[in-house]
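Quick notes on the structure that follows.
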Amino acid sequence: MMSTLSEHTRLVNILITLGLRTPDFGHPLEDVGYTLDRIGPTVVLPDSTSVQPDLTFKSHERNRLLVAEAKSGGVDNAQAASFKQLTPDILSSQGITTLPATNLSFETCYACSSTNRDVVFQNEAQNHHGFPILVYEDETLKKGNGSSAFQDGLLENLFSRGVTFSRPPSFSNYPFGEGDGKGWIAFQVLAAISELEALGKGTFTEKDLMVKTHPLLGYMDPKARQYIHRVISDVLNTLNLREEDERFVIKKLHNQEWQVVKFRRTKQVAQMLMQIADEFDQKPDYEDLTSYSQSGS
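Add 382 to the 1-based position in the sequence shown for this note's numbering, that's all there is to it.
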């Protein structure tokens, strides 16, 4: 069976949805002055180590920054210590935010789900990192019982009440990232190629696929974009070796340009693409795509 969306990526998409203006989910963070700022920024610390939070949200009017980290498992205490080293000067001087360092206020929060809530809160009870902890459960993202408070009173009020979604947020803004299986990534790339081909773009570039799979590419840190490029390139190069496949064949033209040579369109196109993607999960010798990731979950 083809691998599915990872819990980490699901949480990242939930957080992203908070910072965008969408007809289905409104704009809960914008209502308190915040918008999406960066996806996967890499921050270099004074000791030359680095930390890569999942997301940042900014409030221009109040010069505030929210650093958000999705937790699909436990808490990395070394990473938590790195978050505590962040300063306004570090964040502003490295271009992590366009907000000025002068009078910049920022805070870090975690987001987890009901499945790993106990592990996250147990760690907090032992180590007292002091970060607010959001829990996603029953389509609601809310500050968990026993969590530290947000410094920003508007965020504290918002997440104490909780944000309820009418349905599970889409993963279309960030369909794959760290921790997602090879088959899931391959399926997203195949689906993007299929859409481009249906629009008459049977010849496409790797950048076309990056934009197609990750419409918020402009928000992403260069290293995060590099990761997306690398995994897409790996999928394409693997597909390029499947010349005898009667279902789906592509070939490399030159540099980063590709062409669909064969595409057997049927009533069950999605099922066919899933079958091809499933073969990526079944190949033990295929390079682990997640090895290019820069941070822990």
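Even glycine gets a Cβ: it sits at the ideal position worked out from N, Cα and C.
All figures in this text were calculated on a predicted structure; none of them were measured in a lab.
Where the beta strand (DSSP E) through residue i begins and ends
i: Tyr492; result: 487 to 495
i: Arg446; result: 446 to 452
i: Gln664; result: Segment 651 to 664 is the alpha helix (DSSP H) holding Gln664; no beta strand (DSSP E) there.
N-terminal and C-terminal residue of the alpha helix (DSSP H) that residue i is part of
i: Lys605; result: 604 to 621
i: Glu579; result: 564 to 580
i: Asp471; result: 470 to 475
i: Ser385; result: Run containing Ser385: none; DSSP gives neither H nor E here.
i: Thr595; result: 588 to 595
Alpha carbon of residue i to alpha carbon of residue j, nearest angstrom
i: Thr497; j: Arg420; result: 27 Å
i: Gly678; j: Asp458; result: Any reading at Gly678 is ruled out, since the residue's pLDDT is 38, under 50, leaving its predicted position unreliable.
i: Lys589; j: Gly582; result: 17 Å
i: Phe503; j: Gly528; result: 8 Å
i: Ala652; j: Leu572; result: 9 Å
i: Lys440; j: Arg646; result: 46 Å
i: Leu437; j: Leu523; result: 16 Å
i: Val642; j: Pro597; result: 22 Å
i: Glu538; j: Lys605; result: 32 Å
i: Ile567; j: Ala574; result: 11 Å
i: Met602; j: Pro470; result: 20 Å
i: Val501; j: Glu579; result: 45 Å
i: Glu669; j: Met383; result: Low confidence applies to Glu669: its pLDDT is 47, below 50, so where it sits in the model is not reliable enough to give any reading.
i: His510; j: Ala462; result: 10 Å
i: Val425; j: Asn485; result: 20 Å
i: Gln570; j: Ser615; result: 13 Å
Exposed unless 16 or more other CB atoms sit within 10 angstroms - verdict on residue i
i: Thr490; result: buried
i: Leu516; result: buried
i: Ala460; result: exposed
i: Asp429; result: exposed
i: Glu451; result: buried
i: Lys466; result: exposed
i: Pro405; result: exposed
i: Leu655; result: buried
i: Glu560; result: buried
i: Ala531; result: exposed
i: Gln476; result: exposed
i: Leu635; result: exposed
i: Lys644; result: exposed
CB contact check: residue i to chain C, cutoff 8 Å
i: Asn637; result: Any reference to chain C falls outside this structure, which holds one protein chain only.
CB contact flag (residue i, residue j, <8 Å)
i: Asn619; j: Ile632; result: no
i: Pro551; j: Thr399; result: yes
i: Leu447; j: Leu473; result: yes
i: Gly526; j: Arg543; result: no
i: Gln533; j: Ser464; result: no
i: Lys594; j: Glu577; result: yes
i: Glu519; j: Ser495; result: yes
i: Arg629; j: Ile610; result: no
Report task. Decide yes or no for the touch test of the region 503 to 517 against the region 477 to 484: beta carbon pairs closer than 8 Å, at least 3 of them. Result -> Segments in contact, no.
Requested in this report: Report yes or no: do the region 552 to 565 and the region 391 to 401 share at least 3 C-beta pairs separated by less than 8 Å?
Outcome: Three or more beta-carbon pairs drawn from the region 552 to 565 and the region 391 to 401 are found closer than 8 Å, and the two stretches are therefore classed as touching.
Query raised in the report: So does the region 435 to 451 actually touch the region 397 to 415, counting three or more Cβ pairs closer than 8 Å?
Result: Touching, yes.
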